[in-house]
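Working notes for the structure below.
Protein chains: 2
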Amino acid sequence: MADKRVYFFGGGKADGNAKMKELLGGKGANLAEMTSLGVPVPPGFTIATKVCSEYYKSGGKWPTGLADEVNKNLAKLEKAMNAKLGDPSKPLLVSVRSGAAVSMPGMMDSILNLGLNDEVIEGIIAKTGNARFAYDIYRRFIDMFGDVVMGCRHEYFEAKIDAAKKKAGVEVDSDLSAEQLKGVVEEYKKVYKKHVGSLFPQDGQTQLKHAIDAVLESWNAARAVKYRQLNNITGLLGTAVNVQAMVFGNMGDDCGTGVCFTRNPSTGQKEFYGEFLMNAQGEDVVAGIRTPIELTKLAKVMPHAYTQLTRLMTRLEKHYKDMQDMEFTIQEKKLYILQTRTGKRTAEAAIKIAVDMVNERLIPKKEAVMRVEPEQLDRLLHPHFDPKAKRGVVATGLPASPGAAVGQVVFTADVAEAWRDKGKKVILIREETSPEDIGGMDAAEGILTQRGGMTSHAAVVARGMGKPCVAGVVALNINYKAKKLNVGKLTIREGDWISLDGSTGEVMKGKLGTVEPKMSGDFERFMRICDRIRVLGVRTNADTPEDAKRAREFGAEGIGLCRTEHMFFEGERIWPVRQMILAADDYAAMLSELEAAEDAKAKKAIEKEYATAKKQFEGALKKLLPFQRDDFVGIFKAMAGLPVTVRLLDPPLHEFLPQDEASQKEMARRLGVKPAVVKAKVAQLHEFNPMLGHRGCRLAVTYPAIYRMQARAIIEAALKVRKGGKKVLPEIMIPLIGAVSELKLVKDEVVDEINAVFKEKKSKIAYLLGTMIEVPRAALTADEVAAEAEFFSFGTNDLTQMTMGFSRDDAGKFLGEYVNKGIYAADPFQSLDQTGVGKLVEMGTKLGRGVRKKLKVGICGEHGGEPASIDFCHRVGMNYVSCSPFRVPIARLAAAQSVVRNA
Amino acid sequence: MADKRVYFFGGGKADGNAKMKELLGGKGANLAEMTSLGVPVPPGFTIATKVCSEYYKSGGKWPTGLADEVNKNLAKLEKAMNAKLGDPSKPLLVSVRSGAAVSMPGMMDSILNLGLNDEVIEGIIAKTGNARFAYDIYRRFIDMFGDVVMGCRHEYFEAKIDAAKKKAGVEVDSDLSAEQLKGVVEEYKKVYKKHVGSLFPQDGQTQLKHAIDAVLESWNAARAVKYRQLNNITGLLGTAVNVQAMVFGNMGDDCGTGVCFTRNPSTGQKEFYGEFLMNAQGEDVVAGIRTPIELTKLAKVMPHAYTQLTRLMTRLEKHYKDMQDMEFTIQEKKLYILQTRTGKRTAEAAIKIAVDMVNERLIPKKEAVMRVEPEQLDRLLHPHFDPKAKRGVVATGLPASPGAAVGQVVFTADVAEAWRDKGKKVILIREETSPEDIGGMDAAEGILTQRGGMTSHAAVVARGMGKPCVAGVVALNINYKAKKLNVGKLTIREGDWISLDGSTGEVMKGKLGTVEPKMSGDFERFMRICDRIRVLGVRTNADTPEDAKRAREFGAEGIGLCRTEHMFFEGERIWPVRQMILAADDYAAMLSELEAAEDAKAKKAIEKEYATAKKQFEGALKKLLPFQRDDFVGIFKAMAGLPVTVRLLDPPLHEFLPQDEASQKEMARRLGVKPAVVKAKVAQLHEFNPMLGHRGCRLAVTYPAIYRMQARAIIEAALKVRKGGKKVLPEIMIPLIGAVSELKLVKDEVVDEINAVFKEKKSKIAYLLGTMIEVPRAALTADEVAAEAEFFSFGTNDLTQMTMGFSRDDAGKFLGEYVNKGIYAADPFQSLDQTGVGKLVEMGTKLGRGVRKKLKVGICGEHGGEPASIDFCHRVGMNYVSCSPFRVPIARLAAAQSVVRNA
């Protein structure tokens, strides 16, 4: 048995079964399984995948004994069919197909009608009385064999039939007469001879040997190798080869062929679904020349076959416990099933089928959650383009935030807002976006950038807003001055309409029709199934009450990351922020000057300057306080009863200053200083590597008053909302911590301010104080850090940047190449690098919990919404993941799947 | 005994000894030790350090029993001295001094002559017949007690004696008569009363209680606390209090006082060294009003005391086994030793003394290497300013590269080179330097930058060149256009002379005199002692044959880091480099276009373009090959017989392009392209965080031909030099590796090229191929990486940047604050952060060696020359450290010390 290389199936018995995919490939295993089930499958045999590996090891030779085994099985097949390869009186025709354990495009598909030759043709004509049919399958066979097996290009054959049609004055192949087709056969043989260099082989055995070799060779065809590389498919032995008796749907009017689904693959409805063509071969259904007929109509045409088919459908679905996609052929009223496999389906259908099958007790809940791809859900939550609309793609970038957007082009955030206010729909196009563009991004239907990757500012913010975004369209050549862009030879100007597909990264000229998403009751039911299974909590990243509300509707169980810097930009607030920045530096510099001052006079002068700067600095912060407090009031209300993690100010201060000269002048005017002062401040705050610069808690080390103001705003808001009768669970998060001493210092300031608020208000509220773990050092020393932190939230965006040494703003230029060349399996900003960054996450979690057993651990990087990363978080034992509102359902599903997968 | 708080010493017996520093402080322990040795020390007692901690715990109260113990010991002291506190007939006077286990400025120094009052004075006059002496010590005591113990400022007293001198018409204190001094005493008492608010205490016990309290309080004086913070001194109980009988060197002409060293502290010569003053108190020696007399002359003045002193010096040095710094007083011909301690010495002296003491068999070799501070050596290797020269410091920055430099100011590298060629000495001043400035830096005597930290480009390159550099002088305001700079109100123009002290960070106007370093035979001998002890290898970071030669002279055992990018800048080479960069991108872009091209025509067009770009790209590389090869020939020759680690190209390509418009135009002209092309390329290569950008091996992933050229140059050079009869040990190092798959990919290219060279030349040479570990991920996955690497070299500069999230170009702005606030004990770019970054280094080493037992591990970051970091490398078990040439001796010493310290 160990030496067995060929597996027979036929007559209700099979050497193999469905579990032998590894050895027989998916198709072969399924053919065997169906045969054993008594499904009418044309008999045949499967050459096992291990032959493929032996074939390559020996440099392209058949292993000893294989030829014998093939011959024996061929004889068995001939007996089963009562026919013989090459025998004109009772000819056996076979198909030869590839089939690996994993479905894999790029390999040889199939050779049909193998066994035909000049003599057999005569036999078939004699037997069927249908010369047209005979010559048609013969010429198809020569073409297919020549093209697929011998590498003689299909075009050469195609030219000949085109000539014949022209000569005959007909349009379609099927209008050629038997005689004319016979001529085509002769022409095909000549083409074969000319390009292959030998006569078309008349011997069936030779044909079969060549076809089997061709299947084996196709395993290492460039396309197949590339596909395996791209999809990281390794460890397979090779492809199996399936040799199966032919049945014909095109032998006459009592013949036909079709495909059917056990449930509707578009809607998931429990109904028989499919289509068929009478007197046709499979490829005719695909070719679309004749319009196929709806499956249910088969009941009228061939009631017996229909009844038999529906019974088989029910049976196979029950057997495989999943919706089946089947191919069938009726030859002279006899039904044959050629293939059954798990049917592909839309997201909507996947959900309905999963929910229905649970209700039907066909599958358990844990199985149901595995039946929907988390990424599929994305499509359900965003509008998308009408699939029938013609797409005039002018450029392609990264699918940075899913959904469809249509609007008029604008190039600045200001114009975007102005046009939106006039009721226009706009698409904001920028080389890159910065926090200054937030208003414009909010005003736009979608965002398009020339630079930046999947986790660029534009991408992150757009996903948070649920707005379509295509990022990193390098082909764009933007001219802000001229308000236009060039892409190739095309020019797009301000006001022109374009359409963005954020799910594919495509940019299209003009207005494409869109389809709004529909969410069914099944969706809710499915999500509840997920919730019952999953262990991981799912929170959301939300900075506004609107986002918080939306995320809550999507099932978020709290906010895992509420960024406060966006609040610094809105409307008039930017002015006190900028005033603070202008004063901030003097304030700090003077403090140290003061300490160093030696004589009393110098001291006094500095003290005076210091007092002025301090007043300005604190005055600016005082102006910000009510804004921040109101923001938090809104968010706490929206998230009443659920925890809200607020991250204190994170970005470097220079992000709040205008970069162009005109805006700098405007700032100077508004704040009553000389333009040179603003310019100097911008220059002074310039950083070579802002990612690694003066930001996060480092700002609070220099300017403790900023975090104090924020802590006050949070606690005052929490007390206020609680007074209104709502439960508030604030969690204050300090970003960019690298050392416990740093956390301690900043935390002490924050706690001191909070205690002051408690004292003033004569009221207290419970809160947690924790830190983001995003600097590798913090993860490495998490045992120390945990002593001062009540929770950890892994900021895997920055942790990835620092651990791998990639700037996410720049790495887009070469990360694609890294993935293509297989250095990393995926873009580490999209899917967590589990080996490297993950090691730090695991280490940080373990070290932290070693010191503080009940340490709450979550993730708030972009990875919190990505299924593979969520699986990792589950395995590490985190308490929750946090992701953008629109990814909350995806995370709920992925978290449930992780439980099943890791059971 | 556990309750014992006060330790007596006197009469040849002592309760304590030298080992009880923790409890008695350094001074107290030493006084006890000397007493036991029979050294004539004035008797006294020491209040233990634990009292200080009890005092603070109880809020400033003496612990129960202390007063009794003090009284008992005072009685013992009175008995030993046959004198009594406050007894005019036989008065006891004492000194009260602080003294912790670690020498610590900032605490109270001493109160002398305690016990004086109006009655005692009369007794002293009666006893000594010296009223002038009596009133002088009385007025000194009131001043000292008022100032130090009661906080009545010294100036108030000073004003009174000044008035008295004016009135008496004399210049110096000693010209005041007894009567006049008596008047001063009265004035002093009034001052005391006015500012302290009570009469000057006449009771000796009260004086003593106050003085002891003052010593205890001084432990927490602001200056003392700050000193402990800055020097990271923790875990001490507090200060001890030493109460000791006074002896007087100023009681007449048979009295005197002095300091002496058992060896010459400047040169290390074995000779008695010191100075003394007859009829004087210690402070007179320090005050410098009278010129002290050379010690040897004491032999003539008081032969007995001199003989006794020299015997004691010899004895104490033998006892303590180190050069002693002693204070002595002769009272009425009787010699007293007041203090002995290990003497401070110059680097030169330290080395000589260590070597001599080994030869004298006084100390073992392992002890000798501990006697020189590694950092002291730095001064020996660089010229320094004449210590007598007056320094007009105009600004201070970071001491980025040690040594003294004097030159005329220039603001551009070009001018620096031009002026040097005319024979001028120049100081190059830049806001920051870039690789373009190398030529100018080489031409300059020293470098001064406005921005950047201790590991900025300027600092690193300057240290490599052994040139003084002061970096990050933020006070500078440079105006390149006007060729001048402002610092405060001062303007410095091109051509002005300035002086830089790279060891202190000081910038001075004008030309200061310098002193050249001298290296003695003892230096060589000392280094050989170090070499015999150390386990760590010491290599150098060197990019040129000159540097390599110099480092070898300093004892380098190979090159640990030879950067190749500097070679890309020199002279005419920059042009092919720039040509390559212009072509490089098209080349890569086209390759992927080519892959994507669908129809044959498009394919052909791209193929043609591709061929052109490729030709240009490879043509440029071909031009570079001979330059690189020659560079390596020079370096391999200089390092014949020793390993040379060559790092393949590391910086991002944009560093090779000019940033200002004029230079971009020049580049366009030279390379025959439009200026817009250059501008576009600069824009395209711009990165937000270049530190995390497209550089290191990432360049080779995109453009394998670059590393291929470099590998070829290295191997061709190695073969050539070997042909010349010299041994070459090339080690090729691939930088910025993050994953083993990345290393494998790049390594395969490099090895393929090397094998091609072997084939062409029909000759082979052994080489190693390894990687820099500088991306945290590489350290985390070192077990994987080691499978492909024959050596690891920790690039701790970048590893620190990424692990801690600090950009070394930017962090200078706030890292000082981090160190001041105690978040990090030291600047992590200067001294390796052992807790965080060190954890990765240790993990990387262990994981790597777990897979490849004999993995060679080294460090090539700046830390390789820093003693504490070297100690860490020793403990981790590295094979070698690598540092800049001038730090090689420091590293050799530090490595030896590590062996002793960790034995």
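In the order they appear, the protein sequences are chains A and B.
Using the numbering used here, the letters of the first sequence map in sequence onto residues 1 to 903.
Using the numbering used here, the letters of the second sequence map in sequence onto residues 1 to 903.
Ideal Cβ positions, reconstructed from N, Cα and C, are used throughout, including at glycine.
Being a predicted model, the structure only gives us computed values, none of them experimental.
Residue range of the beta strand (DSSP E) that residue i falls in?
i         : result
A:Gly-508 : First, the amino acid is wrong: residue 508 of chain A is Met here, not Gly. Here the beta strand (DSSP E) through A:Met-508 covers 506-509.
B:Lys-484 : 484-487
B:Trp-497 : 497-501
B:Pro-730 : 729-734
B:Val-857 : 856-859
B:Ser-110 : 110-114
A:Ile-47  : 44-47
A:Ala-471 : 469-471
Between residue i and chain A, is any beta-carbon pair separated by less than 8 Å?
i         : result
B:Gln-659 : no
B:Thr-835 : yes
B:Tyr-480 : no
B:Lys-334 : no
B:Ser-58  : no
B:Gln-801 : yes
Can you tell me where the alpha helix (DSSP H) with residue i in it begins and where it stops?
i         : result
A:Asn-541 : From DSSP, A:Asn-541 is part of no alpha helix (DSSP H) but of the beta strand (DSSP E) over 537-541.
A:Ser-103 : It is not in any alpha helix (DSSP H) - A:Ser-103 carries neither H nor E in the DSSP assignment.
A:Pro-303 : 303-320
B:Ile-737 : Careful: B:Ile-737 lies outside any alpha helix (DSSP H) and carries neither H nor E.
A:Phe-872 : 867-876
A:Thr-800 : 796-804
B:Leu-772 : Note that residue 772 of chain B is Met in the sequence shown, not Leu. Run containing B:Met-772: none in the alpha helix (DSSP H); it sits in the beta strand (DSSP E), 768-773.
Hey, does residue i have any beta-carbon neighbour from chain B nearer than 8 Å?
i         : result
A:Gly-848 : no
A:Phe-411 : no
A:Asp-809 : yes
A:Phe-688 : yes
A:Gly-453 : no
A:Val-775 : yes
A:Ser-741 : yes
Which whole-angstrom value is the C-beta distance of residue i and residue j, which I expect to be below 8 Å?
i         : j         : result
A:Arg-534 : A:Ala-895 : 4 Å
B:Leu-490 : B:Val-394 : 6 Å
B:Leu-780 : A:Leu-316 : About 49 Å separates the two Cβ atoms, so there is no contact after all.
Spell out a yes or no on whether the segment 444-459 of chain B and the segment 802-821 of chain B are touching, meaning 3 or more CB-CB pairs, one atom from each, closer than 8 Å. Counting C-beta pairs with one atom in each stretch, the segment 444-459 of chain B and the segment 802-821 of chain B have three or more that are closer than 8 Å, which means they touch.
Within the segment 380-463 of chain A, ranges of the beta strand (DSSP E) (whole runs, at least 3 residues): Whole beta strand (DSSP E) segments, 3+ residues: 393-396, 398-401, 404-410, 426-430, 446-449.
Segment contact, 8 Å Cβ cut-off, at least three pairs: the segment 233-245 of chain A with the segment 137-148 of chain A: No, the segment 233-245 of chain A does not touch the segment 137-148 of chain A.
Spell out a yes or no on whether the segment 395-408 of chain A and the segment 491-506 of chain A are touching, meaning 3 or more CB-CB pairs, one atom from each, closer than 8 Å. A contact exists between the segment 395-408 of chain A and the segment 491-506 of chain A.
Contact between the segment 781-797 of chain A and the segment 854-861 of chain A (3+ Cβ pairs under 8 Å): The answer is yes - the segment 854-861 of chain A touches the segment 781-797 of chain A, with three or more Cβ pairs under 8 Å.
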